Structure formats: C-alpha cells, structure tokens
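Student: Residue 0 is where the sequence shown starts when you use numbering that gives the first Met the number 0, and the numbers rise one by one after that.
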Amino acid sequence: MIDKRIKKAMVLQHDEKDCGVACLKSIIRYHGNDISLEKLRRESGTNNKGTSLLGLYQSALQNQLKAEGLEGRIDDLKKLNQPVILHVSLEGNFEHYIVCFQYTHNKFIIGDPAEGIVKFTEEELQEIWQSGYLLQLSPNSEFRANGFHPNRSLKWLKDHLVQDKNLFVSSILLGTILAVLGLATAVFTEQLVDDILPQRNFSLLLKGIASWGLLLLLSNFFSYVRQLLMFRQSFEFNQRVIKYFLGKLIYLQKSFFDSKKQGDMIARMNDSQTIQSAVQYVVGQAVIDILLLIVSFSFLFYYNSETALFALTILPLLILLLSLYLKAIKSKQRDVMQQHAINESNYIETTNGIHSIKSFQKEEYFQSKAQRIYQKYQRSIFSFRTFSSKFDLSLDSINTFCLILTIAYASFLFMEGKIQLGELIASLSITNILINSVENLVLANINIQGARVALERMFEFTEEEKEFTTEDTPDPFHFEELHFNNVNFAYPGQGALLKDINFSIKKGEITSLLGENGCGKSSLLQIVQKFYTNYSGEIRVNGDDLKDVSTVSWRNVIGVVPQTIKIFNGSILDNICMENGEEKEKEIIAFCKQLGLDRYFSKLHHSYHTLVGEEGINLSGGEKQMVALARALYRHPQVLILDEATSAMDRNTENFVLDLLKNLKRNITILFITHRLHILKSFDGNILVMEDGNIKANGNHEQLLKGNNLYSNYWNDLLYA
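#1: Assuming ILE672 and VAL626 are in contact, meaning their beta carbons sit under 8 Å apart, how far apart are those beta carbons, in whole angstroms?
#2: With DSSP run on the structure shown, which of helix, strand or coil describes ILE726?
#3: Does the stretch 506-515 come close enough to the stretch 682-693 that 3 or more CB-CB pairs lie under 8 Å?
#4: Pick helix, strand or coil for ARG539, following the three-state DSSP scheme.
#5: State yes or no: is the C-beta of THR668 within less than 7 Å of the C-beta of VAL638?
#6: Whose C-alpha, out of LEU320, ILE356, LEU442, is nearest the C-alpha of ALA285?
#7: Quick one: what's got a C-beta closer than 6 Å to SER26's C-beta in the same chain, skipping five residues either side?
#8: Report, in whole angstroms, the separation of the C-beta atoms of ILE694 and PHE488, which I expect to be a contact under 8 Å.
#9: Which of the three DSSP states is assigned to PHE476 in this structure?
#10: Is ASP288 near ASN439, with beta carbons less than 7 Å apart?
#11: Which value, in whole angstroms, describes the spacing of the CA atoms of ASN427 and ALA409?
#12: Looking only at DSSP bridge pairs, what is PRO138 linked to?
#13: Tell me whether ILE293 sits in a helix, a strand or coil according to DSSP, three-state version.
#14: Quick check on this structure: which residue in THR306, ALA21, MET229 has the alpha carbon closest to the alpha carbon of LEU11?
#15: In chain order, what are the residue ranges of uninterrupted alpha helix (DSSP H) at least 4 long that sit wholly in the stretch 552-626?
#16: State the Cα-Cα distance for the pair THR273 and ARG456, rounded to the nearest angstrom.
#17: Under 8 Å Cβ to Cβ from GLU362, same chain only, skipping five residues before and after it: list those, please.
#18: Taking the Cβ atom as the reference point for each residue, do GLY621 and THR652 lie within a distance shorter than 7 Å?
#19: What residue ranges within the stretch 475-529 form continuous beta strand (DSSP E) runs of no fewer than 3 residues, ordered along the chain?
#20: At the level of alpha carbons, what is the spacing between LEU166 and MET229?
#21: Suppose only complete runs of 4+ residues qualify. What are the alpha helix (DSSP H) ranges in the stretch 412-465, listed by chain order?
#22: Going by beta carbon distance, what residues of the same chain come within less than 6 Å of SER51, once the five residues before and after it are set aside?
#23: Can you have a look at TYR633 and say buried or exposed, based on whether 16 or more other CB atoms are within 10 angstroms of its CB?
#24: Rounded to whole angstroms, what's the CA-CA distance from ILE418 to ASP395? Just pull it up for me.
#25: Exposed or buried, ARG143, counting other C-beta atoms within 10 Å across all chains shown (16 or more means buried)?
#26: Thinking THR45 and GLY19 are a contact (beta carbons under 8 Å), I'd like their distance in whole angstroms, please.
#27: Would you mind reading off the limits of the alpha helix (DSSP H) that contains SER681?
#28: According to DSSP, simplified to helix, strand and coil, what is GLN101?
#29: Between the Cα of ALA277 and those of LEU156, GLY612, PHE530, spot the shortest distance and give me the residue it belongs to.
#30: Which word fits ILE249, buried or exposed, when buried means at least 16 other C-beta atoms lie within 10 angstroms of its C-beta?
#31: Just to check my reading of the structure: ASN342 and TYR376 have Cβ atoms closer than 8 Å, yes? What is that Cβ distance to the nearest angstrom?
#32: Roughly how many whole angstroms lie between the Cα atoms of GLN101 and THR349?
#33: Going by DSSP in three states, PHE309 sits in which element: helix, strand or coil?
#34: Keeping to the same chain, check which residues put their C-beta closer than 7 Å to that of ARG231; ignore five residues upstream and five downstream.
#35: Nearest to THR461 by CA position, among GLY416, LEU36, HIS30, ASP2, is which residue?
#36: Could you have a look at TYR132 and say whether DSSP puts it in helix, strand or coil?
Right, here's the structure in full:
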C-alpha cells in the first residue's frame with residue numbers, strides 16, 4: 000500500500016516543461032504546505048525548455064526549504080527518509096524530473112509528474128537515473144505547515160456558479176417534471192396491455208391515448224424551456240469567467256508572460272468551454288438521470304420488488320469499472336489538452352513568422368515541423384478515444400449482460416404468474432431507462448474529470464497576485480534623479496546577468512547606453528520600469544527605494560519606445576493613444592502638430608485614420624518607430640526610454656527626432672540605447688559603456704575616446720577601417 004500522505008501530495012505536470020516544478024510542489028505538499036505551480040515557475044525560471052536544477056534550488060530556498068544538490072547512487076536513495084528530486088533521462092535522451100518518496104518492500108515509490116505514483120525496481124530506476132544528480136529538500140526553521148486545500152479550484156468555480164442558482168433551481172424543477180414524464184410511455188403501455196385492451200373500451204382507449212399524447216407534448220415543451228434556461232446560464236457564466244480571467248491576466252507581472260506561449264494562453268481561455276460543457280451536462284443531463292434513476296427504481300419496485308433489486312446489481316459493477324479506468328482516462332485527457340496547447344502555439348508562431356520562413360525558403364521544414372506536432376496532438380486524441388472506446392465496450396457489455404438477466408428473470412416471473420404481461424413490458428421498459436441513466440451518470444463522471452483538468456489549468460492564473468489593480472491611482476510625482484547602487488540581477492535559474500551596476504541619471508539630461516548584444520541592456524531597462532524587482536543592491540528614485548515607489552505612479556511618468564514595437568490592429572490614432580482614438584482625435588492631432596510629428600502622419604493615405612493592419616503590416620519600419628515615439632511622448636513623460644528608437648528611420652527623419660529630443664530634454668530625462676555612434680556624439684551627454692553585465696566606463700564623447708573601452712574601440716574601428 001502507498002502512504003496516503005504521498006497520494007495527497009502528488010502533483011501531475013500540466014505540460015512537458017512543468018515536470019521540475021510539479022516535483023517541487025509535490026514535496027512542498029508532502030511537508031504540509033502548498034504553493035501554486037505558477038509561482039514556482041516564476042521563481043525557478045521555468046521556460047519553454049523546462050527547468051534547471053539551479054532554478055529548482057533557488058525556488059526551494061524561497062519557499063523555506065533547505066536545499067542541497069548532490070550526486071548519489073541507488074544505495075544512497077534506500078537510506079533517505081525524506082523525498083528527493085531525481086534528474087533522469089528517458090528514452091530518446093529526454094530529460095525529466097521525478098520524486099523518489101521512499102524505498103519499501105524492495106521497490107522505490109516514485110512520483111512521476113507525467114504518470115502519477117509508480118513503483119520501480121532497483122534495476123528500472125538505475126536505467127533512467129544515469130546522471131546520479133538529485134536535489135535533497137527538507138523544511139527549514141521558518142517553514143510552516145499551513146496545510147493545502149486541493150479543492151480551492153472547486154470553491155472558485157462554486158463562487159461563479161452560485162450566481163446562477165435561480166436558473167439552476169428552475170432547471171432542476173423542470174428536470175424533475177421531465178423525469179416523471181419520461182416514464183409516461185412505460186406506465187401507459189402497462190395500462191394499455193393490462194386494463195384498456197382487455198376491456199375493449201374504445202372510449203377509454205381514446206382518453207388514454209389523448210392523455211399520453213398530452214404528456215408527451217408537455218414533456219417536449221418543458222424540455223424546450225429548460226434548454227433555453229441552460230443557454231442563458233451558459234452565456235452568463237462564460238461572460239463572467241472570461242471577464243474574471245482577463246481581469247486577472249492583464250494585471251499580472253510581465254515576468255509571468257515571459258515563459259508563456261500565445262497558444263497555451265489561448266487554449267487555457269478556451270478551457271472555460273470545457274468547464275461550461277461539464278456544468279451543463281451535470282445540471283442538464285445528470286440531474287435528469289439521477290431523478291430518472293430514483294423514479295425508475297420506485298416504479299420498478301412498485302411493479303415487482305424482486306425485479307427492482309435484481310436490476311440494481313448493475314451499480315457495484317459499474318462503480319468497479321469506473322475505478323479501474325478513471326485514473327488513466329484523466330491522464331489521457333490531460334495529455335490531449337497539453338498537446339492542443341503546444342499545437343496552437345506552434346501554429347501561431349509559424350503564421351507570425353511567415354515572412355522569415357519565405358525569405359529563407361524554409362517552408363518545407365516548418366510544414367514538416369507543424370505536421371509532426373499536429374500528428375502528436377492527433378495521436379493523443381486517438382489514444383484517448385481508443386481507450387474511451389475500450390471503456391465504452393466494457394460499460395455496454397455490463398449493461399447488456401444486466402439487461403439480459405433482468406429480462407430473463409422478469410419473463411420467468413411472468414411465466415410463474417407472479418406478474419402480468421403489461422407489468423412485464425413496463426418493467427422491461429423502465430429497466431432499460433434505469434440502465435441508460437446509470438450509464439449516462441458513469442459517462443458524466445468522465446466529463447467531470449475532463450472539466451477538472453481544465454479547471455486546474457485555468458485556476459492557476461487566478462491564484463497569481465496582481466501587480467496592481469484598477470483601484471490603484473497614480474500619486475503626484477516629480478522626477479529628479481534615478482540612482483543605481485551596486486545592482487546585481489539574474490533571471491531565475493540562470494547565472495548573473497547584471498553585476499555591480501552603478502550610475503545616475505538626472506532631470507534635464509540625455510544619458511546614452513552602449514553595449515554589445517546580450518550584455519544586459521534590455522534587462523536593465525526592464526528593471527528601470529519595475530518589470531523585475533528580484534535584484535540585489537539599491538535603486539533610488541528621488542532618494543526613495545524604487546521597490547517602495549508605487550508601480551502605478553512610477554510607470555505613469557515613464558514613456559518607452561522599445562526595440563521591438565507592438566503595433567495594434569486599428570488606426571494611427573488608436574495606436575498613439577492606445578485607446579479609442581476617435582474620441583481623442585482633436586487632442587492627438589494638436590499634440591502631433593505641436594511637436595512637428597504631424598507631417599509624418601498626415602502624408603499617409605488616410606492620415607491619422609489610416610488602418611495599420613495586423614502587427615502594423617501597412618507601415619514601414621520607420622513609420623512604426625514614429626508611431627511608437629508619438630505614443631511615448633503623448634503620455635507627457637518625465638522619463639523617456641528609447642531602445643534603438645531610430646534604427647529603421649531614414650537620415651532626415653532621424654535628424655528631426657534627434658533635434659526634437661534635444662529640445663525636450665529641458666523638461667524630461669532621456670535614456671537612449673543605440674549602436675549608432677553619430678547619435679552618441681551628437682547628444683554631448685553622459686555615455687554608459689556596458690560590457691559583460693557591468694558598466695565598464697562612462698563619460699562624454701571626448702572623455703571616452705581618451706580611454707580604452709568599447710566606445711573608443713568602435714570609433715577606432717570606424718576611423719581606421
């Protein structure tokens with residue numbers, strides 16, 4: 000027997016990259032606490048390639064666990080009294096993480112995030128644990144066993160469903176009526192055979208048929224009304240869930256999105272449909288089936304108690320069947336959802352990258368790649384459907400077997416004279432209804448399990464803490480100075496990227512930043528915007544710690560032109576204000592005229608009303624940068640961050656922008672990243688030279704040329720080429 004503590008602690012992965020954090024979550028639960036998978040992903044640096052042992056180590060420390068990376072042997076695992084994470088290699092050199100919970104009865108109890116709890120022999124574990132790497136974890140003195148609540152997602156769902164209680168009550172009442180009316184044919188048949196036909200009373204026959212027909216028409220009408228109620232509930236429920244989901248999602252930290260694929264996000268949003276389908280099935284069909292089960296058994300017991308008890312023998316057989324198949328069905332449902340998300344992500348990535356694919360004539364490769372991923376997705380569906388068919392075959396076989404026995408037994412009772420012919424026919428009809436209802440309830444459990452998997456995937460996001468809310472309003476803020484003091488930064492699970500960063504920028508100055516690709520410039524800008532706060536050292540704004548400054552207030556005074564510009568489908572007006580531009584048309588045009596930007600937008604085909612297309616396909620690279628600059632300046636920022644903001648502009652446009660920035664610097668602070676040396680020289684301000692994550696030199700153009708640094712080397716290469 001496997002320890003209940005292990006069973007309760009075990010967590011399955013949501014997709015292939017989650018195996019490491021699922022193992023870590025399992026161990027945290029084993030020790031009596033619980034942390035969301037999303038939080039562990041963020042802390043460990045889990046990305047599309049998975050998680051490193053270093054990332055798991057860092058995340059464990061943040062959750063009050065003592066962690067130690069070790070290299071061991073099989074014999075060492077036998078002596079452990081605490082679960083550990085093992086780094087294993089599966090078939091095809093596929094790296095994976097599993098939890099070794101304990102060694103008992105010559106078997107290792109293994110928690111595999113992909114499969115669940117399994118038992119390994121010494122030889123089986125040795126075959127996959129060839130690296131010998133493990134992460135030993137145990138609670139430290141600050142760890143608190145606060146318990147975990149596996150039904151939090153169900154409570155969340157309940158809170159959203161309770162708002163539809165009036166619709167549900169009405170639906171259940173109608174379902175009760177439909178359940179009773181559903182037996183009308185069986186009861187009428189019994190009366191017809193045993194009472195009406197033997198009397199040869201034509202008037203009674205007409206009354207019986209009329210009554211029966213009226214009941215059937217009422218049943219059809221009530222079914223129609225009930226269907227309308229469920230459609231209404233579905234509409235309102237989906238509206239609420241998606242509103243809640245987007246309301247949470249849009250306010251999460253940027254780091255949350257760094258490791259997320261678009262397809263996965265879309266697939267999880269679509270999970271609401273799976274949840275709603277299950278809700279409709281439970282409230283719609285399952286309630287009727289339960290009522291039919293009760294009413295059918297009551298009528299059957301009324302006709303003949305022996306037949307009723309005989310028919311009920313199906314229940315324990317079906318419960319046994321469900322227990323044998325349920326775990327595997329849930330696992331295969333989860334796999335289908337994972338592969339669907341992967342396929343969706345690849346489709347989006349391929350269509351977004353079609354320009355590069357065609358430019359490099361890689362259509363065949365990407366078509367083959369898409370086909371492989373889609374085939375894997377289809378194989379998961381095929382596997383699920385094949386397994387479901389086996390389950391259906393077993394279910395139908397049990398039902399058929401029970402129905403045959405019930406018919407045989409009821410026929411025997413008729414031949415013995417214990418029941419009449421009409422009662423026999425009615426009993427067989429009701430037994431068939433009863434068995435179908437039981438079968439539907441068993442299948443409903445499978446739908447519910449699929450919805451629970453979808454609910455778990457969707458609920459992950461709802462547990463994440465918002466970066467800020469709509470209730471947070473910006474406080475009055477007047478920027479004077481930003482100061483970095485010995486700042487160090489590393490992405491979770493990776494080595495140090497920024498090391499001992501020291502510099503200051505002040506109001507009324509243009510500070511430039513120069514560095515090779517990958518040296519940490521973009522990460523530095525993201526830290527300035529408070530997208531990442533897991534740095535060491537100090538960043539002070541007007542003397543206050545940046546971490547203590549309101550995120551809403553700080554970002555409210557920052558304008559950014561990023562290196563990769565996002566243009567939204569809409570008009571130029573919409574993209575400048577990032578709202579409904581029609582409502583602010585006069586204000587935007589007046590603003591652009593004031594800065595001299597109007598001449599660049601008015602020459603477009605429909606001026607400010609020009610539709611830019613998806614991803615700004617109707618604009619050139621330089622035009623996109625002008626839109627981004629107008630967008631940043633329209634906020635009236637006190638700090639303006641420009642990352643290669645003129646790289647796609649022609650010479651005249653670039654000169655205009657540089658002159659504009661020089662005029663604006665009196666009232667704002669500008670931080671400019673560029674590789675264009677003539678720009679750095681023209682600003683005549685402080686230049687920060689960044690190499691290997693560190694500010695190696697700083698000064699103006701003349702000062703830097705006197706030293707040996709990246710900036711002076713660039714100029715020497717240019718002058719003496």
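For each residue, glycine too, the CB sits at the ideal point set by N, CA and C. Remember, it's a predicted structure, so these values are computed and weren't measured experimentally.
Tutor: Taking the definition as stated:
#1: Not confirmed; about 19 Å, so no contact.
#2: Only positions 0 to 720 of the chain appear in the structure, and residue 726 is not among them; the question remains open.
#3: Result yes; three or more Cβ-Cβ pairs closer than 8 Å.
#4: ARG539 falls in the strand class under three-state DSSP.
#5: Contact flag set, yes.
#6: It is LEU442.
#7: The sequence as given places Ile at residue 26; Ser does not occur at that position. The beta carbon of ILE26 sits closer than 6 Å to those of PRO82, LEU136, all from its chain and outside the five residues before and after it, given in chain order.
#8: Contact between ILE694 and PHE488 does not hold, since the beta-carbon distance rounds to 13 Å and is not under 8 Å.
#9: PHE476 falls in the coil class under three-state DSSP.
#10: For ASP288 and ASN439, yes; Cβs fall inside 7 Å.
#11: One detail in the question is off: residue 427 reads as Leu in this sequence, not Asn. If I take the Cα positions, the gap works out to 8 Å.
#12: Looking at the DSSP output, PRO138 bridges to LEU64.
#13: Here ILE293 sits in helix by DSSP.
#14: Considering only alpha carbons, the answer is ALA21.
#15: Within the stretch 552-626, the alpha helix (DSSP H) runs of at least 4 residues that lie entirely inside it are, in chain order, 571-576, 584-594, 597-601.
#16: If I take the Cα positions, the gap works out to 11 Å.
#17: Taken in chain order, the residues that qualify are ILE356.
#18: Taking 7 Å as the Cβ cut-off, GLY621 and THR652 qualify as a contacting pair.
#19: For the stretch 475-529, whole beta strand (DSSP E) runs of length 3 or above, ordered along the chain, are 480-488, 497-505, 509-514.
#20: A direct Cα-Cα distance of roughly 8 Å separates LEU166 from MET229.
#21: Qualifying alpha helix (DSSP H) stretches, in chain order: 420-461.
#22: Closer than 6 Å at Cβ, skipping near neighbours: GLY492.
#23: Under the 10 Å beta carbon count, TYR633 is surrounded by 16 or more other beta carbons and is classified as buried.
#24: Cα to Cα, the separation comes out at about 28 Å.
#25: With fewer than 16 other Cβ atoms within 10 Å, it is exposed.
#26: That belief holds up - the Cβ atoms of THR45 and GLY19 are roughly 7 Å apart, short of 8 Å.
#27: It spans 676-682 - the alpha helix (DSSP H) in which SER681 sits, taken as one unbroken run.
#28: Secondary structure at GLN101: strand, using DSSP grouped into helix, strand and coil.
#29: Closest option to ALA277, Cα to Cα, is LEU156.
#30: It is exposed - the Cβ of ILE249 has fewer than 16 other Cβ atoms within 10 Å.
#31: Under the criterion of beta carbons closer than 8 Å, ASN342 and TYR376 qualify as touching, at roughly 4 Å.
#32: So the two alpha carbons sit approximately 45 Å from each other.
#33: Three-state result, PHE309: helix.
#34: A distance below 7 Å between beta-carbons, with the five flanking residues on each side excluded, links ARG231 to the following residues of its chain, in chain order: LEU166.
#35: Looking at the Cα atoms, LEU36 is the closest of the given residues.
#36: TYR132 falls in the strand class under three-state DSSP.
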